[in-house]
Every structure is written in structure tokens, then in C-alpha cells.
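Take a look at the structure set out below.
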Amino acid sequence: MGVRMLVVDDERSLAKVVASYLERDGHEVSCVFDGRSAVAAARRDRPDVVVLDLALPGLDGVEVCRQIRTFTDCYVVMLTARSEEVDKLVGLGVGADDYLTKPFSPRELVARIRAMLRRPRTAATRVPEQPIRTIGALRVDVAGREVWVDGRSVDLTRTEFDLLAALSAQPDAALRRRRLIDAVWGADWVGDEHLVDVHIAHLRRKLGDDPAAPRFIRTVRGIGYRMVRG
1196 MGVRMLVVDD
1206 ERSLAKVVAS
1216 YLERDGHEVS
1226 CVFDGRSAVA
1236 AARRDRPDVV
1246 VLDLALPGLD
1256 GVEVCRQIRT
1266 FTDCYVVMLT
1276 ARSEEVDKLV
1286 GLGVGADDYL
1296 TKPFSPRELV
1306 ARIRAMLRRP
1316 RTAATRVPEQ
1326 PIRTIGALRV
1336 DVAGREVWVD
1346 GRSVDLTRTE
1356 FDLLAALSAQ
1366 PDAALRRRRL
1376 IDAVWGADWV
1386 GDEHLVDVHI
1396 AHLRRKLGDD
1406 PAAPRFIRTV
1416 RGIGYRMVRG
């Protein structure tokens, strides 16, 4: 079933090419070409997916993502013409679900979005009769998609919560990055597996978890991550 998508890029020709690929994949697509129009369109049309360029006139992609995250939990794919890691970290830090560096293949973008859309939406993941997982001072309610640390509620993005849910499901297991990608982004996701590290870093920050003396998430060198029970 097609979903609503918003493509935001000041390169109009590129925006239209991306839109045409997404329309051929069966989706309803609109395009805007600056940051302020992007926020207004996202608020008005409530798209399921926003393809968002980092460098935009008016408001840049980081600020656009920050603002739309205040009223929607839609999927966000950030596009950047700069390959420096700082751009990717900044983009993901404000709630982007994925990123692509220009130049990119529109077919790869479509494949990434298909994989994201197969992930369960928040409303569809309320599974009754699941016990709350308790790991030290951390409590994870998978059915209600809520998290508490030391009795304090923690606000996570969908991706951060899904990573925490995957880790806490097997607290004694060291999970490889690829396995976490399969659980969160889907088995057909392709790209840099260190995307996991970026989201884990943001998750740790929100949980108040020091990677040098972890309370909850431990790095397993050469493998990936596992939960810390004590």
C-alpha cells in the first residue's frame, strides 16, 4: 500500500527524480525546496516518510528535523553532499532514521525506505501480556514502548527504542551489528553498519550510560554490543 512521502531538496531536478522513483513504487509524493516550506508541509500533510536534504535555504535539514520531531514520528532519511562523519552524526542526533551521501542511487533510496516501512509502527507494536524487562535500574516496557531509568521516564526515538528492545530481549548475548540491523532496519538493509554505533551513542546519552563504566550497554570489541545486568 502506498504511503505519503515528502521530498525536501533545493536541487529541484534531484527532488523530482527522487519523487518519480517513489511514485513508481506506488507512493503519494510531494516536493518542497526549502526548510520553512518543509516544516509547514510536514505539519499540514503528515507524511509517513520525509526525505530531507541537509543543506537547505531558510532552515537547514538539522533544524527542519528538530522541528518536525516535535509533532510527528515519521521516518526521516537525511541526504548530505558532505561525507564527513560529523554531518552524519549531527543528522542522526536530531532523530533521523537513516542517511545517504550524495551522489546516491535512487533505487538504493527506495530499497532503504521499503525496509523502514516494514518495521512496525508504534501503534502496531503494543503486544499484550509482555512482562516489563528490568535490567538494574533500567525498565523497558516493550508493549507500551516506554523506558525508565531510576524511576525517571526516558524519551527515545523509534529507532533508539527498537535497538534497546533488541538488546534487552537477549541480555546475556553479545549481538553483532548486523544482527541489530536485521532486527531494527530489516534483513535487506544495505549500507554502513556503523550506523548502529551512532544510534547506540545517542541511546547511551539518553540513558545516562557512560561507555567507560557502563550500567546498561557494553561494547564487545570486534563484535557489537550486549546488555549489562548489574
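Residue numbers (my numbering): 1196 to 1425. No residue lacks a Cβ here, since even glycine has one placed at the ideal position from N, Cα and C.
In the three-state scheme derived from DSSP, where H, G and I count as helix and E and B as strand, LEU1254 is classed as coil. Per DSSP, the continuous alpha helix (DSSP H) segment holding THR1354 begins and ends at 1353-1364. Per DSSP, the continuous beta strand (DSSP E) segment holding ILE1412 begins and ends at 1412-1415. The C-alpha of ASP1220 is placed about 9 Å away from the C-alpha of ARG1309. Annotated three-state conformation of CYS1260 is helix, per DSSP. One alpha carbon belongs to SER1300, the other to ARG1307, and they sit about 11 Å apart. In the three-state DSSP reduction, VAL1213 falls in the helix class (H, G or I). Bounds of the beta strand (DSSP E) holding ARG1199 are 1199-1203. A contact is defined here as three or more CB-CB pairs under 8 Å, and the region 1330-1342 meets this definition with respect to the region 1405-1424. Residue pairing from DSSP places CYS1226 in a beta bridge opposite VAL1202.
Of LEU1201, PRO1242 and SER1232, the smallest CA-CA separation from PRO1252 is found for SER1232. Taking ARG1207 as the centre and dropping the five residues before and after it, the same chain places the C-beta of PHE1228 closer than 7 Å to its C-beta, in chain order. CA-CA distance, GLU1218 to ASP1248, rounds to 19 Å.
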